[in-house]
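Visitor:
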């Protein structure tokens, strides 16, 4: 088997198992057994479980950031950008980048796990390798939501990400429900068309009055 085929098989297997069982619960032995490779192959190509987890993310995030940066550059050249245009570019890039052998819903599940499980190295990795792209996006978002206080914008960005990650990671189940209950066949682009106005409205919603702590 060619070396690249071995790497791809390890990554495909690790991606599926991490999404199904979680990072901590998935051992390298489980991955090697299902991928039909020996532990030495994983150590040779990746060096550690942490590096393997990071490589799984890089397969999607590297091409995503390359395309998203190009889209952001095109928007920046135009000058004034609306919130709707910015979020549409984000959505278009998200669904257009191939998610390796797995589906986009699998990757979104992994992204959610990176923040909900005790994976400090993963958050550091994401910041170090992709933080510049995220900052570029949030700077544009800040211009589109200039009336929002910085702290409020922080929360709304993460509310938006939470909505997107949950919806996309639950895509298969939600499609089944929509079909069984409403006789509706839903494509990803149809789902995005519905999701965009929701997250846009959330970012544009009035700032709530400060909560007063009770005695």
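Residue numbers (the working numbering): 906 to 1120.
Think of the CB as a built atom: it goes at the ideal place given N, C-alpha and C, for glycine as much as any other residue.
Reducing DSSP to helix, strand and coil, say where residue 1118 ends up.
Guide: As a position in the chain shown, residue 1118 is number 213, starting the count at 1. Since pLDDT at residue 1118 reaches only 49, below the 50 mark, its modelled position is unreliable, and the value read off the structure follows with that caveat. In this structure, residue 1118 counts as coil in the three-state DSSP scheme.
Visitor: Please list, in chain order, all residues of the same chain as residue 1070 whose beta carbon is under 7 Å from its beta carbon, the five residues on each side excluded.
Guide: Here residue 1070 is taken as the residue at index 165 of the chain shown, counted from 1. Cβ neighbours of residue 1070 beyond the five flanking positions: 1013, 1016, 1017.
Visitor: Examine chain B for any beta-carbon lying closer than 8 Å to the beta-carbon of residue 924, and answer yes or no.
Guide: Among the chains in the structure shown there is no chain B, since it carries only a single protein chain.
Visitor: Once the 5 residues before and after residue 923 are set aside, which same chain residues still bring their CB inside 8 Å of it?
Guide: On the chain shown, residue 923 is found 18 positions in, with the first residue counted as 1. If we look at residue 923 and ignore the five residues flanking it on each side, its Cβ neighbours are 931, 958, 961, 1015, 1018.
Visitor: Below 8 Å on the Cβ atoms is my guess for residue 991 versus residue 1045; work out the distance and round it to an integer in Å.
Guide: Along the chain shown, read from residue 1 onward, the residue named residue 991 stands at position 86. Along the chain shown, read from residue 1 onward, the residue named residue 1045 stands at position 140. At roughly 5 Å, the Cβ-Cβ gap stays under 8 Å, so residue 991 and residue 1045 are in contact.
Visitor: Helix, strand or coil for residue 907 per DSSP?
Guide: Reading the chain shown from its first residue, position 2 is the one you call residue 907. Reliability fails at residue 907, whose pLDDT of 45 lies under 50, so the model's placement of it is uncertain and no value is given.
Visitor: Whose C-beta lies closer than 7 Å to the C-beta of residue 943 among residues of the same chain, with five residues either side of it excluded?
Guide: Your numbering for residue 943 matches position 38 in the chain shown. Around residue 943: 937.
Visitor: Please tell me whether residue 977 and residue 1042 are closer than 8 Å, where the distance is taken between their beta carbons.
Guide: Against the chain shown, residue 977 aligns to sequence position 72. Against the chain shown, residue 1042 aligns to sequence position 137. Cβ atoms of residue 977 and residue 1042: closer than 8 Å.
Visitor: Give the secondary structure of residue 1068 by DSSP, where H, G and I count as helix, E and B as strand, and everything else as coil.
Guide: For the purposes of this step, residue 1068 is taken as the residue at position 163 of the chain shown. In the structure shown, residue 1068 falls within a helical segment according to DSSP collapsed to helix, strand and coil.
Visitor: Measuring alpha carbon to alpha carbon, tell me which residue in 986, 1093, 920, 1112 is nearest residue 997.
Guide: One-based indexing of the chain shown puts residue 997 at position 92. Of 986, 1093, 920, 1112, the residue nearest in Cα terms is 1093.
Visitor: Quick check: is any heavy atom of the ligand SAH less than 7 Å from the C-beta of residue 1049?
Guide: Ligands displayed in this structure: none; no statement on the ligand SAH is therefore possible.
Visitor: Considering only their Cβ atoms, is the gap separating residue 955 from residue 1026 smaller than 8 Å?
Guide: Within the chain shown, numbered from 1, the residue matching residue 1026 stands at position 121. Within the chain shown, numbered from 1, the residue matching residue 955 stands at position 50. Yes. Within cutoff.
Visitor: Within the stretch 945–999, note down every full alpha helix (DSSP H) run reaching 4 residues or more, in order along the chain.
Guide: 954–983
Visitor: On the CB-based measure, 16 or more other CB atoms within 10 Å of its CB, does residue 1048 come out buried or exposed?
Guide: Counting from 1 along the chain shown, the entry for residue 1048 is found at position 143. It counts as exposed.
Visitor: In its own chain, which residues sit with a C-beta less than 8 Å from the C-beta of residue 1103, not counting the 5 before and 5 after it?
Guide: As a working mapping, residue 1103 is identified with position 198 in the chain shown. In its chain, beyond the 5 residues on either side, 1068 have a beta carbon closer than 8 Å to the beta carbon of residue 1103.
Visitor: What's the gap between the Cα of residue 1066 and the Cα of residue 1084?
Guide: Numbered from 1 along the chain shown, position 161 holds the residue referred to as residue 1066. Numbered from 1 along the chain shown, position 179 holds the residue referred to as residue 1084. Their backbone Cα atoms lie some 25 Å apart in a straight line.
Visitor: Pull up the CB-CB distance for residue 1050 and residue 988, whole angstroms please, since I reckon it's below 8 Å.
Guide: Sequence index remark: in the chain shown, residue 1050 carries index 145 (1-based). Sequence index remark: in the chain shown, residue 988 carries index 83 (1-based). That pair is a contact at about 7 Å.
Visitor: Just the C-alpha distance for residue 1079 and residue 986, rounded to the nearest angstrom, thanks.
Guide: Reading the chain shown from its first residue, position 174 is the one you call residue 1079. Reading the chain shown from its first residue, position 81 is the one you call residue 986. Each residue's Cα considered, the two are about 32 Å apart.
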